[in-house]
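Notes follow once the structure below has been shown.
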């Protein structure tokens, strides 16, 4: 159970390590912060804030006062509902903005060079460039103009190494790439002189009599027409509160004069387009009536000729009073009948239009001109309003199917009611026509008593008068349409035009950028610290050992500063020598605690090679020998012998020779420069090292050594690589397991932890090697006194390798060397 808990602890994220690691990166945070703050500062001082201005209009239902019920339907092109939405969509349309940009030539920029960027001088330049309409002008390339005097300027440009340039014709809007024959150009021109270059054609002319400042430099630059329109579309906002006729039009730009002109021109173009659209229906009606007049006039002329011919041939010039009276009655009845028949035809046209058309936002003039039923007129008006509303919503709520389903149901319902109303109206009209036919029949019966010539004359005159009445009716209708057109007014009312009243630029809190600079420096540091900590499974402090295992920590040894492994012998007063003396004291305390007397054996092992096992073995043996104890250092790492090199002895003979029965103990033992320290190297590398270490000769070797020495230091192979060291644990009175800071991985300790949990090893302790307090990102404070390293930190001159005080320059350099 304990083993499972420890494994869970090993896998848990170490937030403390993460925090200290992040703190250890403080110098990089400071550096990144300085760079970030500098960049933000440069951005802030270069920031050119824009202006924002408004214009306000109202959308009114300015009905023509000359509208009758019928002309209202004909000329009011969509009803009063939905007009605001229609205007709103018009203002947001690309076509509308293309007209504005074209009207003001906003694709041509006038610039001056400022401290950090080129400034838009729209409305403030004393000249203008008049480009040739048919020419293709270069896009995106500033053309420099240096004015030498009031009438002379120098034009220059530098296209670099490009072989072609993009050009555009601003009439057709076509874009072409033209070859560059002269990438660098400079020439003097007179104001008003025609400039004829391959991709710039036009002339510089004075604007409104303004004086051109001598010595001043300007730039002109053509921009892509589509890009210019898009840029204004992005910053153009139309605000409308629900069910309000008020529209607030807002534009944001870095040039205030450009905003004023753009907003006011936009409203003027909207007003013009709305009026043109309103008049178009009257124009269509006039065209229709003109066609009907031409047809009726031809018929009238034919009937006039027939009447004159009949009178001349029959020598009849005037009808009798009785005949005139009857004739007038019939003409009156026929006129009424013709009116009803026209209404009947209009209802048939209306029914056919409802059956065949899908667009009911407007109805053609011939369809509704003869509709006289007030109920039908009201239904048509509702149909126009709902259809217009649906048409506008198609641009804003395309995905809301339920809205369109509801509107379609309303339209279908109105169509059904209209069909019923049309049928009822037609029935009533047919009844009226039948009644008139009966009256005409009675009058014609009276005519039958007249002479035949008079009857014929009366019939011809009646047809002529009917045609004349029809012609006069169309003339009246045409005059009515002309009057409606002439008196039409726009539905757009300019409530508040855009004005420059000294408004300041828009500002925003730039300090937020400094917050982002701090976050931009901090977040990468935290992210790196998190990633490194998450994937880092190495030991970085003695505390890591305490958290990982219950195996006690015997001592902490610092980084070896000597040229070889003889740290204690070379510098006996060094902090590292004192650390090994503390280890010696701890071992002696352990032996005393466990009542171990006589000769004592210390086995030293580790997880893998490179953790300092041999280094620790040599120096532990050295401190025991220097204390006057007979000590022997035995090299039992038969696969990779090392200890002979530091003592300047050879490895020709050693423990292997004894274990195979070839040599005696005296023959394999070698003296060192330390009086009480002997060394037994491992000797030649055998083919079967594991078998030699578990043989009877090993028992004999240990017995002989115990009889001769006070302390026996066994330098064994790493347990993480081979099992040899585990076979030697039975000979050890104490076992030191060496781990190295920033080198040993935590999962390498699992094997020895399992052995310790099962009780297969005893008197085992960790020896923490290569300890570097600065490298532990906060760990290790307090480790030392009692663990062999603290003296070095607080010795105040006690140790002979105490570092010299660094200068301020050295400290600064040292910060970024780490």
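In this note's numbering, the protein residues as written are 2 to 819.
No residue lacks a Cβ here, since even glycine has one placed at the ideal position from N, Cα and C.
How is residue 674 classed by DSSP in three states: helix, strand or coil?
coil
Does the structure place the region 206-219 close enough to the region 110-120 that three or more beta carbon pairs sit under 8 Å?
yes
Looking only at its chain, what residues have a beta carbon closer than 8 Å to the beta carbon of residue 184, apart from the 5 residues adjacent to it on each side?
159, 160, 161, 162, 163
Where does residue 24 land, buried or exposed, given buried means 16+ other C-beta within 10 angstroms?
exposed
Would you give the residue range spanned by the alpha helix (DSSP H) that residue 126 belongs to?
Here residue 126 belongs to no alpha helix (DSSP H), and DSSP marks it neither H nor E.
Per-residue burial, residue 699 [other beta carbons within 10 Å of its own, 16 or more giving buried]
buried
Distance between residue 500 and residue 261 (C-alpha atoms, nearest Å)
6 Å
Based on DSSP bridge pairs, tell me the residues matched to residue 189.
155
Grab me the residues of residue 383's own chain with a C-beta within less than 7 Å of its C-beta, minus the 5 sequence neighbours each way, in chain order.
415
Output the boundary residues of the alpha helix (DSSP H) element that contains residue 84.
84-93
Just to confirm the assignment, what range does the beta strand (DSSP E) spanning residue 251 have?
247-254
Looking at C-alpha atoms only, which residue of 464, 372, 429, 359 is the closest neighbour of residue 412?
359
Continuous alpha helix (DSSP H) stretch holding residue 702: start and end
697-709
Among 419, 426, 422, 388, which residue has its Cα nearest to the Cα of residue 409?
388
Residue 117 burial status per 10 Å Cβ neighbour count (16 or more: buried)
exposed
7 Å Cβ shell around residue 729 - same chain, five flanking residues per side excluded:
604, 637, 694, 715, 717
Residue range of the unbroken alpha helix (DSSP H) whose run includes residue 231:
226-236
For residue 820, the three-state DSSP class (helix, strand or coil):
An answer regarding residue 820 cannot be provided, because it is not within the stretch 2 to 819 covered by the chain.
Please say whether residue 22 and residue 530 have beta carbons closer to each other than 8 Å?
yes
Any idea which residues DSSP pairs residue 604 with across the strands?
715, 736
Assign residue 499 to one of three DSSP states: helix, strand, or coil.
coil
Top-ranked residue by Cα proximity to residue 267, from 646, 98, 127
98
Given this structure, state the Cα-to-Cα distance separating residue 502 from residue 130, to the nearest angstrom.
28 Å
DSSP state of residue 633 mapped onto helix, strand, coil:
strand
Which residues bound the beta strand (DSSP E) around residue 145?
144-148
Which of helix, strand or coil DSSP assigns to residue 907
There is no way to answer for residue 907, as the model of the chain reaches only from 2 to 819.
Taking Cβ positions, are residue 337 and residue 437 nearer each other than 8 Å?
yes
May I have the straight-line CA-CA distance separating residue 42 from residue 254, to the nearest angstrom?
23 Å
N- and C-terminal bounds of the beta strand (DSSP E) containing residue 113:
109-114
Between the region 631-646 and the region 748-756, do three or more beta carbon pairs fall short of 8 Å?
no
Sheet register partners of residue 197 (DSSP bridge):
202
Work out the CA separation of residue 16 and residue 542 for me, nearest whole Å.
14 Å
On the criterion of 16 or more Cβ atoms from any shown chain inside 10 Å, does residue 35 qualify as buried, or is it exposed?
exposed
Taking the DSSP output, what are the residues bridged to residue 207?
128
Taking its Cβ as the centre, do 16 or more other Cβ atoms sit within 10 Å of residue 719, making it buried, or is it exposed?
buried
Residue range of the beta strand (DSSP E) that includes residue 772
765-772
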